[in-house]
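In the working numbering, the protein residues as written are 14 to 221.
Glycine is no exception: its CB is placed at the ideal position from the N, C-alpha and C atoms.
Notes follow once the structure below has been shown.
Below, the structure written as structure tokens:
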């Protein structure tokens, strides 16, 4: 059985937000919910200033804090090591949101329109709302699941497929000959907040 993980090459990422938009569309995300985000920062002093984009998402940790604090076991790791949520078991207590050191979780009381209040939902919004409620639900915890529906059909996560710079690589971390594990070993792969002890399965390659 595969143990899925991701590598993000910071030398390639130029912060175009294609991953964010692909995630939004694929997962029918409502306003102000971003399972995939791109953070940006600057370092240095003029004229030697460097801007860097940093894509973040759920890191599908080996030892996830969110799983430890969930009182109903709604959050768990599936057989492929992906951290998922059973919306039918979640009670919306938000303990997992506090237990995640990466801010990767959301709760949505209701799917609201992207347009001003008072306007009826368009046909597309009605479709999006129904799809969101069927998969993710309202009043419960939600987050990235490495696009489980796409993976069931043999496809890559939407953020990976949409990246024009090929900055994201997805695959089996347990395959020693696979591209993901090779990049982690040979490319000096590192994780965010290693001091938290969660052992994330999303690795970054240094920007330079």
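The straight-line gap separating the alpha-carbon atoms of residue 182 and residue 123 is approximately 33 Å.
Between residue 48 and residue 70, the alpha-carbon positions lie close to 6 Å from each other. Between residue 149 and residue 100, the alpha-carbon positions lie close to 6 Å from each other. Here residue 143 is exposed, its C-beta having fewer than 16 other C-beta atoms within 10 Å.
According to the DSSP secondary-structure assignment, residue 119 is paired through a beta bridge with 155. Within the region 38 to 120, the complete alpha helix (DSSP H) segments at least 4 residues long are 78 to 82 and 108 to 112, listed from N- to C-terminus. A check of alpha carbon separations from residue 118 across 138, 93, 153 and 90 identifies 153 as the nearest. Around residue 134, the same chain offers 126 and 142 as residues with beta carbons nearer than 8 Å, after the five sequence neighbours per side are excluded.
DSSP places residue 188 in the coil class of the three-state scheme, outside both helix and strand. If you ignore the 5 residues before and after residue 76, its C-beta comes within less than 6 Å of the C-beta of 211 and 212, all in its own chain and listed in chain order. Scanning 65, 44, 120 and 167 for the CA closest to the CA of residue 219 turns up 65. In summary, residue 72 is buried, with 16 or more beta-carbon neighbours lying within 10 Å of its beta-carbon over all protein chains present.
Distance from the CA atom of residue 163 to the CA atom of residue 58, rounded to whole angstroms, is 44 Å.
When secondary structure is reduced to three states using DSSP, residue 23 falls in the coil class, being assigned neither helix nor strand.
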